[in-house]
Structures are given as C-alpha cells and as structure tokens.
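Asker: Please read through the structure below; I'll follow up with questions.
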Amino acid sequence: MFDEAQATAGAARGDSAAFGALVERYQEVAFRAAYLIVREAPAAEDVAQEAFIRAYRQMRSFRQGEPFRPWLLRIVTNLALNEVRSRSRRRGLFARAAIFERSDADPPDDDLAAQDESAALLRAIAELPEDDRVVLHLRYFLELPEREIAAAIGKPAGTVKSRLHRAGRRLRDLVEAKYPELTERIDG
Numbered sequence: 000m001f002d003e004a005q006a007t008a009g010a011a012r013g014d015s016a017a018f019g020a021l022v023e024r025y026q027e028v029a030f031r032a033a034y035l036i037v038r039e040a041p042a043a044e045d046v047a048q049e050a051f052i053r054a055y056r057q058m059r060s061f062r063q064g065e066p067f068r069p070w071l072l073r074i075v076t077n078l079a080l081n082e083v084r085s086r087s088r089r090r091g092l093f094a095r096a097a098i099f100e101r102s103d104a105d106p107p108d109d110d111l112a113a114q115d116e117s118a119a120l121l122r123a124i125a126e127l128p129e130d131d132r133v134v135l136h137l138r139y140f141l142e143l144p145e146r147e148i149a150a151a152i153g154k155p156a157g158t159v160k161s162r163l164h165r166a167g168r169r170l171r172d173l174v175e176a177k178y179p180e181l182t183e184r185i186d187g
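Residue numbers (the numbering used here): 0 to 187.
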C-alpha cells in the first residue's frame, strides 16, 4: 500500500526508492498534464521526466504534510509552459499538428462525429489565452479540484475559481461565434 507521507519523507532524506514510489504513483498524471499543454507526446514525456528530476533535486524544500501531486504538477505546468513558449519563439507561431490521425478505415458516423467535435473543442480551447487553457486542462481533462489547481499554478483558490469562470465564459463565447455545433457540448 502506498503511503505518500512516508514516500515524501524518505525522498526528502535522499532515499531514491522512496522517490521511485512517487514517480511510479504520479508518472501518468505528470505526463497527462504536460501533454495537455505541449500537445506532443515526445515533448510531454521530456517535460514529465524533467519535472521528476527537478522534484527530486528540490525534495528538501518540499513541505512535509502537504500533498505531493499539486506540488509536482506546479513543476510540470511551469516546465510545459516554458516548453510551449520556447517552441513558439523557435517557430514564430504555434504550428498545431492534427489532433487526431484518421486511419484508412472509415469509422462509423457516430465515432466520426464525436472525433470531429472533440477536435473542434480542442481547437477552440487552443485559441484561448494561456492562463485559460491551463486551468481548463487541469480542471476538466485532469479532473483536479480547485485547491489542487491552485497549488499547481501557484495562485490562491479564489483566483482559480475566477479564472475557471472567466475561461468558461470565454470558451462559451468562442464556441458560439466560431463553433456553434459545439454549444450543447459545453453547456451540457
């Protein structure tokens, strides 16, 4: 059975096996958080790996008794945002790859419609300001509660609540203007 308090305490003392238990427990959520921001699996893997390296190096500064996941996700989020900014500077503009690769086989109409809606929703979210994208990804794709989002982005819970509200309103306005076929999806 996983005991986070023991694992963080051990890792803070330099116990690599204890830190390994944290990596095993949180590697998937770290990758998912990074992927939602950088949108490329190899880059997300690199960001998640770098986040664990930084977390390991900073374990002595980790406040015992606090949850590890939000602390780690703050590192992941910062690194992922840095990666996106760096990529943007290198390319000049965001070059978004296709969200879904279609196979040669024609999927059933319902599956195709769902894929098209998902792709359109992700495009709409990608058009939002960075702060809005981050809170929406953390809340609705990683399903983090507001207090963990607050810890992950280093802002007070009230700020997270207002950012979520603002981001939802901006997404709704954007969908109504550019993607009216998605209106039911975001309202439902």
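Note that beta-carbon positions come from the ideal geometry of N, C-alpha and C, so glycine has one too. Because the structure is a prediction, the values reported are computed rather than measured.
#1: Could you say which of Ala125, Val83, Arg146, His164 lies nearest to Trp70 if we only look at CA atoms?
#2: Assign Phe1 to one of two classes, buried (16 or more other C-beta atoms within 10 Å of its C-beta) or exposed (fewer than that).
#3: Mind checking Thr76: buried by the 16 CB within 10 Å criterion, or exposed?
#4: Please report how far the alpha carbon of Glu82 lies from the alpha carbon of Glu175, in whole angstroms.
#5: For Leu121 and Leu137, what's the separation of their Cα atoms in angstroms?
#6: If you count every other CB in all the chains shown that lies within 10 Å of the CB of Ile52, and 16 or more means buried, which is it?
#7: Measure the Cβ-Cβ separation of Ala149 and Val133 and say whether it is below 8 Å.
#8: Which whole-angstrom value describes the C-beta separation of Leu170 and Leu127, a residue pair presumed to lie in contact below a C-beta threshold of 8 Å?
#9: Verify whether the separation of the beta carbon atoms of Leu72 and Phe140 is less than 8 Å.
#10: Could you check the C-alpha separation between Ala16 and Ala6 for me, to the nearest Å?
#11: Label Arg12 either buried or exposed according to how many other C-beta atoms from any shown protein chain fall within 10 Å of its C-beta, with 16 as the threshold for buried.
#12: On the three-state DSSP scale, how would you describe Asp45?
#13: In this structure, does DSSP put Tyr178 in helix, strand or coil?
#14: Tell me the DSSP secondary structure of Phe1 in three-state form.
Answerer: Once the coordinates are examined:
#1: On the sequence shown, position 71 is the one that residue 70 refers to. Comparing Cα-Cα distances from Trp70 to each of Ala125, Val83, Arg146, His164, the minimum goes to Arg146.
#2: For the purposes of this step, residue 1 is taken as the residue at position 2 of the sequence shown. Phe1 should be labelled exposed.
#3: Looking up residue 76 in the sequence shown gives position 77. Flag for Thr76 reads buried.
#4: Translated into positions along the sequence shown, residue 82 becomes position 83. Translated into positions along the sequence shown, residue 175 becomes position 176. Between Glu82 and Glu175, the C-alpha separation is close to 31 Å.
#5: As a working note, residue 121 is residue 122 in the sequence shown. As a working note, residue 137 is residue 138 in the sequence shown. Cα-Cα distance, rounded: 14 Å.
#6: Residue mapping note: residue 52 aligns to position 53 of the sequence shown, counting from 1. Burial call: exposed.
#7: On the sequence shown, position 150 is the one that residue 149 refers to. On the sequence shown, position 134 is the one that residue 133 refers to. Not a contact, by the Cβ cut-off of 8 Å.
#8: Counting from 1 along the sequence shown, the entry for residue 170 is found at position 171. Counting from 1 along the sequence shown, the entry for residue 127 is found at position 128. Contact flag correct, Cβ pair sits at about 6 Å.
#9: Residue 72 sits at position 73 when you count from the first residue of the sequence shown. Residue 140 sits at position 141 when you count from the first residue of the sequence shown. Not in contact: Leu72 and Phe140 (Cβ atoms no closer than 8 Å).
#10: Working through the sequence shown from its first residue, we reach residue 16 at position 17. Working through the sequence shown from its first residue, we reach residue 6 at position 7. One C-alpha to the other measures close to 8 Å.
#11: As a first step, residue 12 must be located in the sequence shown, where it is residue number 13. Exposed, since its Cβ has fewer than 16 Cβ neighbours within 10 Å.
#12: Here residue 45 refers to the residue found at position 46 of the sequence shown. If DSSP states are grouped into helix, strand and coil, Asp45 belongs with the helices.
#13: To locate residue 178, count along the sequence shown from 1; it is residue 179. Correct three-state label for Tyr178: coil.
#14: What you label residue 1 is simply residue 2 of the sequence shown in a count that begins at 1. Three-state DSSP puts Phe1 in coil, outside helix and strand.
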